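Asker: Handing you this structure, nothing more for now.
There are 2 protein chains.
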Amino acid sequence: MAVSTVSAALNGTRPVAAATRARIELAAADLGYRPNLLARGLVSKRTGILALLYPAPNRGFGLTEMQFATSAAEAASEAGYHLLLSPDKSDPVAELRHLTGVGLIEGVLLMEVRLDDERVDHLVAAGTPFSMIGRTRQPAGISYADIDFAATARDAVDHIVGLGHRTLAFLNHSPDAYAALYGPTVRCAEEFAVAAGDRGVEYLGDLHADSVEQGRAAFEWLATNRPDVTAVAVMNDHAAVGVLGAVADRGWRVPEDLTLLLVLSSVEVARMFHPRLTTLEPPSAELGRLGARMLIDQLQPDAGEGKTPRQQLVPCRLVVGESSGPPRRGAETGVPE
Amino acid sequence: MAVSTVSAALNGTRPVAAATRARIELAAADLGYRPNLLARGLVSKRTGILALLYPAPNRGFGLTEMQFATSAAEAASEAGYHLLLSPDKSDPVAELRHLTGVGLIEGVLLMEVRLDDERVDHLVAAGTPFSMIGRTRQPAGISYADIDFAATARDAVDHIVGLGHRTLAFLNHSPDAYAALYGPTVRCAEEFAVAAGDRGVEYLGDLHADSVEQGRAAFEWLATNRPDVTAVAVMNDHAAVGVLGAVADRGWRVPEDLTLLLVLSSVEVARMFHPRLTTLEPPSAELGRLGARMLIDQLQPDAGEGKTPRQQLVPCRLVVGESSGPPRRGAETGVPE
DNA sequence: TAGCGTTTGCGAAACGTTTCGACCCGAGCG
DNA sequence: CGCTCGGGTCGAAACGTTTCGCAAACGCTA
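Read top to bottom, the protein sequences are chains H and A. For any residue, its number in our numbering is found by taking its place in the first sequence, counting from 1, and adding 668. For any residue, its number in our numbering is found by taking its place in the second sequence, counting from 1, and adding 668.
So, in structure tokens, the structure goes:
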């Protein structure tokens, strides 16, 4: 019994007589044999390990990011792959070079992709297989899974239009250096503008809030200067808290006097509000899963070199809560009731 | 220039003449040489990879769990190690056997440890180095980092005693099959009872709620049957939502009529409430970091075999919000104001 | 029965390191 | 001046697989 025969039998690399194979498999199971991944990887260059590259939590990691990671890990696991957690502290490219240089990693899954992302350039140049959760400004030729912001915005606008609203304000993240180049921040605002335009809804897009106080201030400004606004979509959870607080202070109520939408936030979070907020829940688990699958598909040897990159957009799920209602009467004058 | 000399120079395994070393280092940097981890691991049995084993999100992963993972990854990264994400779907022991059998993993970091955990038994029996975030019922001889529930409960009880309260109700997780054997669930309840006893505070411990509705029901029961209770500590975020709702329905207010404490929840979450809740924030990042460090220390060859397992308890941080206040007057009769 | 193609098993090389005993050379000691 | 000791270097073996060229055995056909 030569080792090479065993290898062939266990991997199905070459045909092995049924009887021999059976004998080998029996013995293997009997001895609890596990092929050594290192030795295998050393010669075959296939380790079955993918790296999940994410920036060290600047912004504070949310449930959404966690979902990416766990669902990607699960998808990888199902395909016989492992997922290596790679926080990049300061220099992402150095981290990448380190990872890919030591022969441990077969491919990279990129999280928190920015509109212009040096990691992408590096990976393309290095020829390392990778895919993204999110996408760059011009993601041609690269596999990615991202939110379908256009469809999401349409769904949201349709929802409020269906309730009778004619104006919508969008409270985006604060335009600091980070958010300004962060895909969801930019694309969401753009697509809400487009969707509102398509449906003939008046749209206020240049509002920003990332904290309770800013949320409160934003709503107070709205109530004073734009009393005709009857629906607000908010990107940041804490900003929503502020809006709700300001609404209550004014003696108004949700949804009677204001329809509030939480954008890109989980149902889990939306349920913590009172009233329970209507939310556009990002398909985090699916994106993580898709990203991992795409990468793995790329790695399959039979895929050949002529593989087309897969690019997939998934819309958020609109979960209607208790914060959606028809516009208050007399909205044009700004006086509730 | 023999390869063995290069190896020695780069690893500092054996003394190498300064001149030779310099020459080697120069050449290495020049060529961008990266030692192949697989080849290294194959012979040295040291791969620099740790597995983070966590159950596939039954209960829904929270921010806390995410913190464990990211901070552990960061600590590992600082020490030159990598962290492999290993969701165990159904059979944790099979997953473990698979992981440790293929020579990829140097040690295992266990998350979500239960009071009786088969994974622990398996790892001990197999002699695999590991450490835990959390702990079993009898964790003698095993490295772990866990919450100091006793100190946490003392802090909490001192806090409410300092405000003048004499009774405390504890709303635990529902005693389903899972929670009943889950460390924090059990230990928190126990230690709150102890701390309350020590401070002469009357303690109601057999209340449970894991949802908005259950939280609401629990508070309504309390208001009816135990109007003398002026402070409530809640384990579950959603239950807290329910309690707040029920308090409002009754025309009561927080903190004037009820002091509410969120137990084992992040400030991030506590801030989403109105009023901002006082919370006992678990030291998630520190636990993740400690767990990883402990495991890595265990793996250092110079640690010898006589290494004592490190066991470390870290208390939660009490963050006082707007939900803490003196007991309402007339509490003994149950009539506010 | 000789010739030929096909199926199946074998052995050796290679992957890129670490490890370890052997070896070389100069300095210190008797 | 010869011997020893020790710092420094070298070469070969080993780690556990996969891969690939070869050869043996077998069943057909001519």
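Glycine residues also receive a C-beta, built at the ideal position from the N, C-alpha and C atoms. No experiment lies behind these values; they were computed from the predicted model shown.
What residues match up with F838/H in a beta bridge as DSSP calls it?
Answerer: DSSP lists A901/H as partners of F838/H.
Asker: Could you check the C-alpha separation between L721/H and G873/A for me, to the nearest Å?
Answerer: Answer to the nearest angstrom: the Cα atoms are 44 Å apart.
Asker: Name, in chain order, the residues that DSSP records as bridge partners for T947/H.
Answerer: Partner(s): L930/H and V987/H.
Asker: Identify the continuous alpha helix (DSSP H) that holds A813/H and give its terminal residues.
Answerer: No alpha helix (DSSP H) contains A813/H, which is instead part of the beta strand (DSSP E) from S811 to I815.
Asker: Just to confirm the assignment, what range does the beta strand (DSSP E) spanning P723/A have?
Answerer: First-last of the beta strand (DSSP E) with P723/A: I717 to P723.
Asker: Who pairs with D756/H in a beta bridge, going by DSSP?
Answerer: P723/H, per the DSSP bridge assignment.
Asker: Of all the alpha helix (DSSP H) runs that stay within the bounds of the stretch 755-811 of chain A, which reach a length of 4 or more residues?
Answerer: 760-769 and 786-794, all fully within the stretch 755-811 of chain A.
Asker: Leaving out five residues before and five after L678/H in sequence, what residues of the same chain have Cβ atoms less than 8 Å from its Cβ?
Answerer: The answer, listed in chain order, is I692, E693, A696 and P703.
Asker: To test your reading of the DSSP string, which unbroken alpha helix (DSSP H) runs of 4 or more residues are found completely within the stretch 670-704 of chain H?
Answerer: The qualifying runs are 671-679 and 686-699.
Asker: Can you tell me which of the three DSSP states E870/A falls into?
Answerer: If DSSP states are grouped into helix, strand and coil, E870/A belongs with the strands.
Asker: Of all the options D789/A, D784/A, G748/A and V781/A, which has the alpha carbon lying nearest to the alpha carbon of R765/A?
Answerer: The shortest Cα separation from R765/A among D789/A, D784/A, G748/A and V781/A belongs to D789/A.
Asker: Mark A857/H as exposed unless 16 or more other C-beta atoms lie within 10 angstroms of its C-beta, in which case mark it buried.
Answerer: With 16 or more Cβ atoms within 10 Å of its Cβ, A857/H is classed as buried.
Asker: By the criterion of Cβ-Cβ separation under 9 Å, what are the contact partners of S799/H in chain A?
Answerer: What S799/H touches in chain A: nothing, since even the nearest Cβ is about 17 Å away.
Asker: On the criterion of 16 or more Cβ atoms from any shown chain inside 10 Å, does G910/H qualify as buried, or is it exposed?
Answerer: G910/H comes out buried.
Asker: List the residues of chain A whose Cβ lies closer than 8 Å to the Cβ of N704/H, in chain order.
Answerer: By Cβ distance, chain A contributes L710, V770 and G771.
Asker: Under three-state DSSP, which class holds V935/H?
Answerer: Three-state DSSP puts V935/H in a helix.
Asker: Any beta carbon from chain A within less than 7 Å of S842/H's own beta carbon?
Answerer: So no, S842/H is outside the interface.
Asker: Based on DSSP bridge pairs, tell me the residues matched to Q980/H.
Answerer: DSSP lists A813/H as partners of Q980/H.
Asker: Check the Cβ of E924/H against every Cβ in chain A and list those closer than 9 Å, keeping chain order.
Answerer: Within 9 Å Cβ-Cβ: nothing; E924/H doesn't reach chain A, min ~16 Å.
Asker: Run through the DSSP bridge pairs and tell me what L751/A is partnered with.
Answerer: L751/A pairs with L753/H and L718/A.
Asker: Tell me whether the beta-carbon of L831/A lies closer than 7 Å to the beta-carbon of A864/A.
Answerer: Not in contact: L831/A and A864/A (Cβ atoms no closer than 7 Å).
Asker: Pairs of beta-carbons, one from the stretch 675-689 of chain H and one from the stretch 736-746 of chain A, closer than 8 Å: are there three or more?
Answerer: Cβ pair count under 8 Å is below three, so no.
Asker: Below 8 Å, can you find three or more Cβ-Cβ pairs linking the stretch 910-930 of chain H to the stretch 901-918 of chain A?
Answerer: No: the two stretches stay apart, fewer than three of their Cβ pairs being nearer than 8 Å.
Asker: At a Cβ cut of 8 Å, what residues of the stretch 893-909 of chain H count as close to chain A, listed as they run along the chain?
Answerer: For the stretch 893-909 of chain H, which is checked against every Cβ of chain A, the residues closer than 8 Å are D905, H906 and V909.
Asker: Using a Cβ cut-off of 7 Å, pull out every chain A residue sitting near G913/H, in sequence order please.
Answerer: Under the 7 Å cutoff, chain A gives H942.
Asker: Rounded to whole angstroms, how far is the Cβ of P615/H from the Cβ of S991/H, which I believe are closer than 8 Å?
Answerer: Any answer about residue 615/H is impossible in this case: the structure gives chain H only from 669 up to 1005.
Asker: Using the three-state DSSP reduction, which class does H833/A fall into: helix, strand or coil?
Answerer: Coil at H833/A, not helix or strand.
Asker: Using a beta-carbon distance below 7 Å, is A707/H in contact with chain A?
Answerer: For A707/H, the answer is yes, since a Cβ of chain A falls inside 7 Å of its Cβ.
Asker: Should M962/A be flagged as near chain H, meaning a C-beta pair shorter than 7 Å?
Answerer: M962/A does not count as touching chain H.
Asker: Mind listing the chain A neighbours of L929/H? Cutoff is C-beta to C-beta under 9 Å, in chain order.
Answerer: Correct list: empty, because the minimum Cβ distance to chain A is about 16 Å.
Asker: Compile a chain-ordered list of the residues in the stretch 691-703 of chain H whose CB is closer than 9 Å to at least one CB of chain A.
Answerer: So the close ones are G700, Y701, R702 and P703.
Asker: What residue ranges within the stretch 873-899 of chain A form continuous alpha helix (DSSP H) runs of no fewer than 4 residues, ordered along the chain?
Answerer: Runs of the alpha helix (DSSP H) inside the stretch 873-899 of chain A: 880-893.
Asker: How many angstroms separate the CA atom of A686/H from the CA atom of D784/H?
Answerer: The straight-line gap from Cα to Cα measures roughly 54 Å.
Asker: Provide the residue span of the alpha helix (DSSP H) that contains M962/A, from first to last.
Answerer: Here the alpha helix (DSSP H) through M962/A covers S952 to L967.
Asker: Any C-beta of chain A sitting closer than 7 Å to the C-beta of S745/H?
Answerer: Yes, because at least one Cβ of chain A sits closer than 7 Å to the Cβ of S745/H.
Asker: Does the structure place the stretch 753-760 of chain A close enough to the stretch 708-718 of chain A that three or more beta carbon pairs sit under 8 Å?
Answerer: No, because fewer than three Cβ pairs between the stretch 708-718 of chain A and the stretch 753-760 of chain A fall closer than 8 Å, the two stretches do not touch.
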